[in-house]
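In terms of the working numbering, the sequence shown opens at residue 2 and continues consecutively.
A virtual CB, placed ideally from N, CA and C, is assigned to each residue, including glycine.
What follows is a set of notes on a single structure, which appears directly below.
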Amino acid sequence: MYERKTQAPPRKPAVPGGTIAAHRPPHDVRIGDFVHLDGAYHQIQDMRSAGDTSRRVLLFAEHSPLTMTEAMTIHRPVGTC
Numbered sequence: 002m003y004e005r006k007t008q009a010p011p012r013k014p015a016v017p018g019g020t021i022a023a024h025r026p027p028h029d030v031r032i033g034d035f036v037h038l039d040g041a042y043h044q045i046q047d048m049r050s051a052g053d054t055s056r057r058v059l060l061f062a063e064h065s066p067l068t069m070t071e072a073m074t075i076h077r078p079v080g081t082c
């Protein structure tokens, strides 16, 4: 028998306004860029080197740190491109 879904599927959050998406490697990420993690966009507050330029530890205000080891989609504010 057909059962109705009680919840709508989760929607992807809106892209941060005034940003441009680009696929960037770890050495090309900047403080102030946005990363999509766990269903939300988080702005990079600080970062640390993880040994060399091919790895970076990204630090966020409201998310645990992320070790970036490969290129990923980053949203950069337009004025800093």
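Per-residue DSSP class, three states only, for residue i
| i | result |
| --- | --- |
| Pro27 | helix |
| Val1 | Residue 1 lies beyond the range of the chain shown here (2 to 82); nothing can be said about it. |
| Asp47 | strand |
| Val16 | coil |
Cut-off 6 Å between Cβ atoms - residues of its own chain near residue i, not counting five sequence neighbours on either side
| i | result |
| --- | --- |
| Ala62 | Gln46 |
Cβ neighbours of residue i in the same chain (closer than 7 Å, five flanking residues each side left out)
| i | result |
| --- | --- |
| Thr20 | Phe35, His76, Arg77, Pro78, Val79 |
Residues bridged to residue i (per DSSP)
| i | result |
| --- | --- |
| Thr74 | His24 |
| Arg57 | Ser50, Met69 |
| His37 | Tyr42 |
Residue i burial status per 10 Å Cβ neighbour count (16 or more: buried)
| i | result |
| --- | --- |
| Pro66 | exposed |
| His24 | exposed |
| Val30 | buried |
8 Å Cβ shell around residue i - same chain, five flanking residues per side excluded
| i | result |
| --- | --- |
| Arg56 | Pro27, Ser50, Thr68, Met69, Thr70 |
| Thr54 | Pro27, His28 |
| Leu60 | Ile45, Gln46, Asp47, Met48, Arg49, Pro66 |
Rounded separation between residue i and residue j - CA only
| i | j | result |
| --- | --- | --- |
| Leu38 | Thr81 | 22 Å |
| His43 | His64 | 7 Å |
| Gly33 | Arg12 | 24 Å |
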